[in-house]
Amino acid sequence: MHKFNVNFMGNRNIMFIVSAVLIVVAIGALAVRGLKFGVEFEGGTVVNVSKSGSVTQAQMSQAFKKAGLANVQVQQSTVRGVRGYIVRSSETSAAIANTAAAKASSEVGLPSDGFQVTTIGPEWGKNITSSSLVALAVSILAILLYVSIRFEYKMSVTAIVALVHDILITLGLYALVGWEVSPNVVAALLAILGYSLYDTIVVFHRMKENSAGLVKQSFMSMANESVNQVLMRSINTSLTSLIPVVVLLIFGGVTLKDYALALVIGLASGAYSSIGVAAPIFAIWKETEPKYKALAKKYANAS
Amino acid sequence: MDPKQRNYLLLALCVLLVIGSWVLFMPPDTKITQALDIRGGLSVILKAVPSAGQSANSITSADMDKAQLIINNRVNKLGASETSVQREGSDSLLVQIPGIKNATEALKIINTTGKLEFVDMSTLPSATVDAINTWEGSGAARSSAPSIPETVTYTPVLGGEVIKTANAGQSSGGTSAGQITVNLTMNSKGQQAWANYTRTHVNKQVAIVLDRVVQSAPVIQEPILTGDTQISGNFTVDEANYLATVLQTGSLPVKLEPVDTREVGATLGQDSLRQGVVAALIGMLIVAIYLIVFYRGMGVISVLGLGIFASLFLGLLAGLSQFGVFALSLPGVAGVVLTIGLAADSSILINERFREEIGFGKTVRSAAASGTRHAIITSADADIVTFVSALALFAIAVGPVKGFALTLMLGIACDLVMMLLFSRPLIMLLGETLIAKSPALWGIPPEAIAARATTGKKGGASHA
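Protein chains in written order, with our numbering: chain D, 1 to 303; chain Z, 304 to 767.
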């Protein structure tokens, strides 16, 4: 009923080419366009106006400039049909920013409790950036260690390769489209690391089980069977994980959208990389071991 | 204990936990504490920076304790309820003032530089002196303390930086024994200047001024040569403690700068929460429909599992809220939504493995036992990896993303409990009876059962 027999391993070169192209595009986008960081990383002020009624973008911009904010940029943000604005400024003094937001809101005739004013000092951004990078490094190391102890180091290295693949593609997409990277996005990415590994580990788990006393087929064809065996689960899990975050992306406000977008991209890329990247690289690597080399030779025509 | 008894026991335990959870979290909007980004208010992270001439690592834990006390005093002055000032990391304070109306004013008060001075009253204009004396005469209430107008310039006798310690105490000996006093000691530079000044100014008034606001205006009784000064007055214990804290602000070797300021309007926060809850509910509903359509009876078990997961999760959040260690923030809501997928995944792993093992020719009964065991091991491994990333994020990251990491970790814990106390025992119990009788109803392909009958690997007979 739900049996699959897709020749993933046989077509691994196609998947490698797809991944390689995506990664080259991602690196190119990162190098040429670069990432657009939120105020949290660079210092400044963001004012979220949730319900702006009939106020136009020009009026909004005018009001904030008049209230004394420097370098005002106004962007429209619509949540479920209700129009709002995101106002950015380079102002790093919270007192000035709050006074200005209050002034601007009365200027355009909006209530002052529909605002969110976030002001980040210039030094704090560095703090957030470095703590995010440390969190990333520690989390990768910890995962590497866990997988090495629980399974084997070849699995942990290939899992990390898949992971770097996911991060590069996600960040590349952010650079390409020009989406803003906020600490929320970084947090979502870190979480997605764990989650995309989750997928990879389920595949590895099955390979480990199936490779015990492997004699009747090559490692590669066993790997292909393993991937097929867990494919139904992979598809279902990816769908059931994606559904809530896609709904969040549609219904959520500004903060929640930040998380949801990064989660959607990360989940999709993670689901693909466990089958398209981690599994074949691991199988190729395993086939260099003498035991599996012999099996590969013996069943050369079977796979 | 035989497995059947054990499974009934586990299910009973699960039911108890779910009932307990409902008691804890109903109604959720009051039982689960909401963070500032949801209920609205002002949240400021103040980072301590060393004042000029101090090295960066000179900020000690004692300095931060003092800073916390000072900020707490300032925040309390605002009169808002449920304010909190917490340490965040080694050099920052997190100030939270829920439901504040005038954030601009609050920011001004929090951000005052904390400049403490001793001012010779005779150098102040007479209008100011009169105002101070009237205030002192009328009980010196903190809320109505007069300030020195910005237009007045003056040279302080001493700056607060000379003060080494300041404590509230009781005077001993003399006619004033037992009176509550504030005692302070000074460094050598202060001792010298204070001795020179007090020698020539006995019976004169000195105003203790913090950021131009008069805190006290004692009269010098006698020359103070050692710097050890006792301020007496009709202090209550609270007043004396407050004055001691004020006096310590001068010796604070750090400056506090607002580095992360968030002001959230109350309606905006509630709107965001509603959006998050709606998204979570719709997401769960679609996942539930999907699971039932795809796995039929096993899907119903999965959906019940999701319900139990959600109950335990909400109960845990409400329980932690009660101890004051949890507040749901928007990033936290994102974490909750992500864990819905996680919980659904464990059920999918179980269902797929269960089907597969029957396909291999196992009896429903043995597939129920070994399939759930294998699936839980796989799921636990995967859970641990997600948990590790969340833990790293929680321990290292700063600011609001901590809330995301926390709910993610709690969700993973609830997922494991759900699998062990609900999914596995229930499937094992049903596997012996209902599922074996009508496999199609439970989403088990009939050909899988047929395959077992023909190959008869593990023997259908043993299941009789």
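Ideal Cβ placement from N, Cα and C applies to all residues, glycine included. Model, not experiment: these values are computed from the prediction.
Between the CA atoms of residue j and residue i - distance to the nearest angstrom
i	j	result
Gln116 (chain D)	Thr255 (chain D)	11 Å
Leu313 (chain Z)	Val562 (chain Z)	50 Å
Ile403 (chain Z)	Tyr593 (chain Z)	44 Å
Val388 (chain D)	Leu30 (chain D)	No information on residue 388 (chain D) is available, as it lies outside the stretch 1 to 303 that chain D covers here.
Phe538 (chain Z)	Ala471 (chain Z)	10 Å
Leu163 (chain D)	Ala621 (chain Z)	35 Å
Ala767 (chain Z)	Gly664 (chain Z)	Only weak support is given to the placement of Ala767 (chain Z): the predicted model assigns it a pLDDT of 31, under 50, and the question is left unresolved by the model.
Arg515 (chain Z)	Ala94 (chain D)	22 Å
Ala444 (chain Z)	Leu619 (chain Z)	45 Å
Gly763 (chain Z)	Ala739 (chain Z)	Model confidence at Gly763 (chain Z) stands at a pLDDT of 39, short of 50, so the residue's coordinates are unreliable and nothing is read from them.
Ser52 (chain D)	Arg83 (chain D)	6 Å
Ile747 (chain Z)	Leu110 (chain D)	59 Å
Ile730 (chain Z)	Ser669 (chain Z)	11 Å
Arg12 (chain D)	Pro280 (chain D)	6 Å
Pro634 (chain Z)	Glu209 (chain D)	38 Å
Min CB distance residue i to chain Z below 8 Å
i	result
Ala94 (chain D)	yes
Ser112 (chain D)	yes
Thr118 (chain D)	yes
Tyr198 (chain D)	yes
Phe8 (chain D)	no
Ile308 (chain D)	This structure cannot speak to residue 308 (chain D), because chain D is shown only from 1 to 303.
Tyr146 (chain D)	yes
Ile275 (chain D)	no
Leu248 (chain D)	yes
Asn98 (chain D)	yes
Ala212 (chain D)	no
Lys216 (chain D)	no
Anticipated Cβ contact below 8 Å, residue i with residue j, distance rounded
i	j	result
Ile23 (chain D)	Ile169 (chain D)	7 Å
Gln518 (chain Z)	Thr484 (chain Z)	Not really, about 15 Å apart at Cβ, beyond 8 Å.
Phe421 (chain Z)	Leu617 (chain Z)	Their Cβ separation, rounded to whole angstroms, is 56 Å, which puts Phe421 (chain Z) and Leu617 (chain Z) out of contact at 8 Å.
Gly253 (chain D)	Asp574 (chain Z)	7 Å
Val688 (chain Z)	Leu197 (chain D)	5 Å
Ala26 (chain D)	Thr158 (chain D)	Not really, about 19 Å apart at Cβ, beyond 8 Å.
Val432 (chain Z)	Glu560 (chain Z)	Their Cβ separation, rounded to whole angstroms, is 35 Å, which puts Val432 (chain Z) and Glu560 (chain Z) out of contact at 8 Å.
CB contact check: residue i to chain D, cutoff 8 Å
i	result
Met712 (chain Z)	no
Ala630 (chain Z)	no
Arg599 (chain Z)	no
Tyr593 (chain Z)	yes
Lys760 (chain Z)	Bear in mind that a pLDDT of 43 at Lys760 (chain Z), under 50, signals an unreliable position, so the number given afterwards is only what the model happens to contain. With 8 Å as the cut-off, Lys760 (chain Z) does not count as an interface residue toward chain D.
Leu410 (chain Z)	yes
Ala799 (chain Z)	Residue coverage of chain Z in this structure runs from 304 to 767, which leaves residue 799 (chain Z) outside it and unanswerable.
Where residue i meets chain Z, residues with beta-carbon distance less than 7 Å
i	result
Tyr85 (chain D)	Ordered by position in chain Z, no residue passes the 7 Å Cβ test against Tyr85 (chain D), which lies about 12 Å from the chain.
Arg88 (chain D)	The contacting residues do not exist; Arg88 (chain D) stays about 15 Å from chain Z at best.
His165 (chain D)	Neighbours of His165 (chain D) on chain Z: none; closest Cβ ~16 Å, over 7 Å.
Val138 (chain D)	Ala695 and Ile699
Gly194 (chain D)	Val688, Thr689, Val691, Ser692 and Ala693
Ser50 (chain D)	Leu571 and Asp574
Bounding residues of the beta strand (DSSP E) (the contiguous stretch that carries residue i)
i	result
Thr118 (chain D)	Phe115 to Ile120
Ile403 (chain Z)	Here Ile403 (chain Z) belongs to no beta strand (DSSP E), and DSSP marks it neither H nor E.
Val55 (chain D)	Per DSSP, Val55 (chain D) belongs to no beta strand (DSSP E) and is neither H nor E.
Thr736 (chain Z)	Taken as a continuous stretch (DSSP letters only), Thr736 (chain Z) belongs to no beta strand (DSSP E), as it is neither H nor E.
Within chain D, partners of residue i - CB distance below 8 Å
i	result
Val347 (chain Z)	Ala94
Val590 (chain Z)	Thr240, Ile243 and Pro244
Pro634 (chain Z)	Asn184, Ala187, Thr255 and Tyr259
Asn414 (chain Z)	Ala94 and Ala95
Span of the alpha helix (DSSP H), counted from its first residue to its last, around residue i
i	result
Asn470 (chain Z)	First-last for Asn470 (chain Z): Ile466 to Gln473, but that is the beta strand (DSSP E), not the alpha helix (DSSP H).
Ser324 (chain Z)	Pro306 to Phe328
Thr288 (chain D)	No alpha helix (DSSP H) holds Thr288 (chain D); DSSP gives it neither H nor E.
Leu607 (chain Z)	Ala569 to Gln625
Partners in chain Z for residue i, counting only beta-carbon separations shorter than 8 Å
i	result
Thr237 (chain D)	Gly644, Ala647, Asp648, Ile651 and Leu652
Ala191 (chain D)	Gly638, Leu641, Thr689, Ser692, Ala693, Leu696, Phe707, Ala708 and Leu711
Asn224 (chain D)	Within chain Z, no residue comes near Asn224 (chain D); the closest Cβ sits about 16 Å away, beyond 8 Å.
Ser131 (chain D)	Ile699, Ala700 and Val701
Ile143 (chain D)	Val688, Val691 and Ser692
Gln229 (chain D)	Glu659
Contact list for residue i against chain Z, beta-carbon separation under 9 Å
i	result
Ala271 (chain D)	Near Ala271 (chain D) there are no residues of chain Z at all, since even the closest Cβ is about 11 Å away, more than 9 Å.
Glu123 (chain D)	Lys350, Val352, Glu560 and Val562
Val264 (chain D)	Under the 9 Å cutoff, chain Z gives no residues; its nearest Cβ is about 11 Å from Val264 (chain D).
Ala278 (chain D)	The contacting residues do not exist; Ala278 (chain D) stays about 13 Å from chain Z at best.
Phe115 (chain D)	Glu566, Val567, Gly568 and Leu571
Chain-ordered chain D contacts of residue i [CB-CB under 7 Å]
i	result
Glu655 (chain Z)	Met232 and Arg233
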